[in-house]
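Enquirer: Per our numbering: the sequence shown = residues 5 to 270.
This is the structure I have questions about; it appears just below.
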Amino acid sequence: MVLKYGIVFSVLLFVISSCSRSGQFPQKISEKTAMNSVTLDHSFLPAGYIFHNDSVIKNDFGNEFKELFQEKYKFDEKNSAFDLTNLENKWKILQNQKNNFNFENVKQWVEITGFLLELSGNTAYASELEEIIYKSASLFSEQEHKEIEKEIKPWIFTKNLDNVYVNLFVNATLKYEHSLYGAVEITQETSYPESEKIKLTFKMQEKRYIELFIRIPEWAEGATVTETGVKYVANPGTYSQILRKWGDGDTVEINFPIENMPKPLP
C-alpha cells in the first residue's frame, strides 16, 4: 500500500513539474542592441534613390495597434495572461493593411515586429523589417524614411550574451563587451541588395567564443556562407550557425542569389 501511494505521489509530482515547465513564462531568444552599440555607415537604400509618396492613401490604425501593445505590455509586466499565439495572430491580420499605415503606425509596426523577432527567433519577422525599409521608400518622404531606418537600427544585430544574430544586411558595425571581457567588433560590408556579397569581419584583442547566426532569406535558395574555406548550412528561412572561437581579422563571406530576390526589394 505504501509503495502504491508512493508511486501515485511520484506521478503527481511529475505531472505538476511538467505543467510548471510547459507553463514557464517565455524568454526572448535574443534582444535588440542599444542605439550606441551599432553604427550604421549609410542608408539601406542605394545612393540617389528617388522617393515616391504623393498618391498613397494612409490611414490611422491606432485602435489595432493598441490591442497589439496591450498584449506586449503583458509580457513586459510578466503577466501570466500573455499569449504569444494571440499576439502573432493579431500581427498577421494587421500585416495585410501595412501599405495603408501612416508614419506613426509604421514606427509602431517596427517596434512590435522587432519584439516578435526577439521573442520567437523567427526569421519571418526579420524579413518583415527588411521589407518595411524598402517599401516605405515608396510610401514616405526621405526624411521620414531616415527616421524609420533609425527605428529599425537596433534590430540589424540582436544578441543574447555572446549569441549574435545578423538579421539585416547593410554596412554597419556592432560593438559590445564579451561576457568574458574584452571588446568585440563585428563589421558588415555590403552593397546589398545591389550586390549578392556580404562580408563580416571580427575585431578583438583576445580570441573569444561567439555563436554567430546569419539570416538566410526565404527566397535565397542556393545561398552560401563560408568561413576559412568551410561552407556552412544555409537553408532559406533559417539562420546559418557558426559556433567557434573568433580572433582578430576573422571573416565570414555570404552570397545570396539576387536574381531570386522578390519585390519590393529593389
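Beta carbons are placed, not taken as given, at the ideal position from N, Cα and C, and that holds for glycine.
Return the residue from the list Pro266, Ser47, Asn167 and Val174 that minimises the CA-CA distance to Glu148.
Expert: For Glu148, the nearest C-alpha among the options comes from Ser47.
Enquirer: For Arg248, which option in Pro266, Phe206, Gly226 and Thr228 has the closest C-alpha, if you only look at C-alpha atoms?
Expert: Of the candidates Pro266, Phe206, Gly226 and Thr228, the one whose C-alpha sits nearest the C-alpha of Arg248 is Phe206.
Enquirer: Report, in whole angstroms, the separation of the C-beta atoms of Ile258 and Ile202, which I expect to be a contact under 8 Å.
Expert: Right, the Cβ-Cβ distance comes to about 4 Å (below 8 Å), so this counts as a contact.
Enquirer: So, does the segment 152-167 touch the segment 75-83, judging by three or more C-beta pairs under 8 Å?
Expert: Taking 8 Å as the limit for Cβ pairs, the verdict is that the segment 75-83 does not touch the segment 152-167.
Enquirer: Considering only residues of the same chain and omitting the five flanking positions on each side of Glu222, which have a CB-CB separation below 6 Å?
Expert: Contacts found: Pro240 and Gly241.
Enquirer: Going by CA-CA distance only, name the one from Asp252, Ile220 and Thr232 that's closest to Tyr243.
Expert: For Tyr243, the nearest C-alpha among the options comes from Ile220.
Enquirer: Tell me whether Leu121 sits in a helix, a strand or coil according to DSSP, three-state version.
Expert: Here Leu121 sits in helix by DSSP.
Enquirer: Checking 9 Å against the spacing of the C-beta atoms, do Glu92 and Ser34 come in under that value?
Expert: No, Cβ-Cβ distance for Glu92 and Ser34 is not below 9 Å.
Enquirer: Using a Cβ-Cβ distance under 9 Å, would Asn100 count as near chain C?
Expert: You won't find chain C in this structure, because it holds only one protein chain.
Enquirer: Report yes or no: do the segment 204-218 and the segment 183-193 share at least 3 C-beta pairs separated by less than 8 Å?
Expert: The segment 204-218 vs the segment 183-193: in contact.
Enquirer: Tell me whether Ala187 sits in a helix, a strand or coil according to DSSP, three-state version.
Expert: DSSP places Ala187 in strand when its eight states are reduced to three.
Enquirer: Quick one: what's got a C-beta closer than 6 Å to Thr194's C-beta in the same chain, skipping five residues either side?
Expert: Excluding positions up to five away in sequence, the list reads Phe173 and Ile202.
Enquirer: Taking all protein chains shown into account, do 16 or more other C-beta atoms lie within 10 angstroms of the C-beta of Lys157, making it buried, or fewer, making it exposed?
Expert: Classification of Lys157: buried, given that the 10 Å Cβ count is 16 or more.
Enquirer: Taking only three categories from DSSP, how would you classify Ala176?
Expert: DSSP places Ala176 in strand when its eight states are reduced to three.
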